[in-house]
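J.: Taken in order, the sequence shown gives residues 2 to 228; the numbers are from our numbering.
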Amino acid sequence: MNTIRAQFIRSEHNPDPVLRPIGAGLAMLIPLLVGLLTHDMRLAAYGVLGSFSYLAFQHKTLTYNVRAIFLHGVVLLFAYGLGMISSMMPWTIPFFIAIISYLGYIIVKIFQIPKPGHFFVIMLYATGTSTSVPASHMLQALGYMTIGVGASIIIGNLISLIERLPHTYTSADERFRGLHHTDKYYVMLYKRPDILLDAFHFAAILLSSLSQVIFHTYYVALMAIGF
Numbered sequence: 002m003n004t005i006r007a008q009f010i011r012s013e014h015n016p017d018p019v020l021r022p023i024g025a026g027l028a029m030l031i032p033l034l035v036g037l038l039t040h041d042m043r044l045a046a047y048g049v050l051g052s053f054s055y056l057a058f059q060h061k062t063l064t065y066n067v068r069a070i071f072l073h074g075v076v077l078l079f080a081y082g083l084g085m086i087s088s089m090m091p092w093t094i095p096f097f098i099a100i101i102s103y104l105g106y107i108i109v110k111i112f113q114i115p116k117p118g119h120f121f122v123i124m125l126y127a128t129g130t131s132t133s134v135p136a137s138h139m140l141q142a143l144g145y146m147t148i149g150v151g152a153s154i155i156i157g158n159l160i161s162l163i164e165r166l167p168h169t170y171t172s173a174d175e176r177f178r179g180l181h182h183t184d185k186y187y188v189m190l191y192k193r194p195d196i197l198l199d200a201f202h203f204a205a206i207l208l209s210s211l212s213q214v215i216f217h218t219y220y221v222a223l224m225a226i227g228f
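So this is what it looks like as structure tokens:
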């Protein structure tokens with residue numbers, strides 16, 4: 002009983018476990034309400050996809066959250082747009098997913114991006130490949146997604162203020178952020194010398210698996226496994 006009471010007291014002092022999922026729900030609720038009020042459910046559906054950018058929110062600083070949500074949203078827009086284009090050329094899908102997973106894995110490690118990392122980037126690309134959208138409506142779909150991204154930035158800012166997160170980074174964070182991108186890359190290689198091989202291996206597994214499904218052949222799969 003005392004353990005339960007102690008855990009409850011700690012949760013009261015740390016609002017993150019409660020406010021973070023509430024923020025995610027609000028970020029999704031805004032495009033849904035806009036879609037209902039405008040009687041445009043496509044806006045609601047695409048807006049919810051854009052609100053996945055809120056998942057970059059972390060219990061760090063207000064500046065970090067606004068920047069992370071914005072950049073996450075931009076990458077999600079690019080991934081979904083690329084997925085819609087790839088749906089017209091299905092043979093490109095395994096290769097793009099492998100490239101996204103390879104680059105995403107390395108970028109996440111270089112910049113020490115916390116979870117979910119590049120997971121939703123791959124997910125939205127895959128979602129875009131299964132969406133039948135005419136070429137003339139692709140920009141409109143991406144425009145609808147920006148509503149979700151904008152809602153996520155607003156809610157992320159609001160939750161950061163409610164949690165009284167600091168506006169700036171600590172000195173330790175500033176030291177790492179002050180490094181040049183090349184220096185961060187060398188820091189990553191020093192900590193994980195096998196990082197490039199791990200990223201290539203993971204991308205090769207995705208490429209081989211998807212190639213079997215799309216091409217119904219084991220030729221590309223054997224090549225990837227051979228590497």
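We put the CB at the ideal spot given by N, CA and C, even for glycine.
1) Confirm, please, whether the CB-CB distance from Val134 to Ala142 is below 8 Å.
2) Would you check if the distance between the CB atom of Gly129 and the CB atom of Tyr81 is smaller than 8 Å?
3) Going by alpha carbons, who is nearest to Ala45 out of Asn158, Thr147, Phe79?
4) So, with DSSP's three-state summary, where would you put Met89?
5) Given Ile123, which residues of its chain have a CB within under 8 Å of its CB, disregarding the five upstream and five downstream residues?
6) Please work out which residues of its chain come closer than 7 Å, Cβ to Cβ, to Gly157, disregarding the five sequence neighbours upstream and downstream, and give them in chain order.
7) Need the endpoints of the alpha helix (DSSP H) that Ala152 sits in, please.
8) Locate the alpha helix (DSSP H) running through Arg43, then write down its first and last residues.
9) Over what stretch of residues does the alpha helix (DSSP H) that includes Val109 continue unbroken?
10) What three-state label does DSSP hand His202 in the structure shown?
11) Taking Cβ positions only, does Ala46 come closer than 8 Å to chain B?
12) Is the beta carbon of Leu125 sitting closer than 8 Å to the one on Gly84?
13) If you draw a straight line from the C-alpha of Ala136 to the C-alpha of Tyr145, how long is it?
14) Applying the criterion that 16 or more other CB atoms from any shown protein chain within 10 Å of the CB defines a buried residue, is Met189 buried or exposed?
15) How long is the line joining the alpha carbons of Gln113 and Met42, rounded to whole angstroms?
16) Helix, strand or coil for Arg193? Go by DSSP, reduced to three states.
17) Ordered along the chain, which non-local residues of its own chain (more than five positions away) have a Cβ less than 6 Å from that of Val109?
T.: Straight from the coordinates:
1) yes
2) yes
3) Thr147
4) coil
5) Ala80, Ile98, Ile101, Ser102, Gly105
6) Gly24, Tyr55, Phe58, Asn66, Val67, Ile70
7) 139-163
8) 42-51
9) 94-111
10) helix
11) Among the chains in the structure shown there is no chain B, since it carries only a single protein chain.
12) yes
13) 15 Å
14) buried
15) 37 Å
16) coil
17) Gly118, His119
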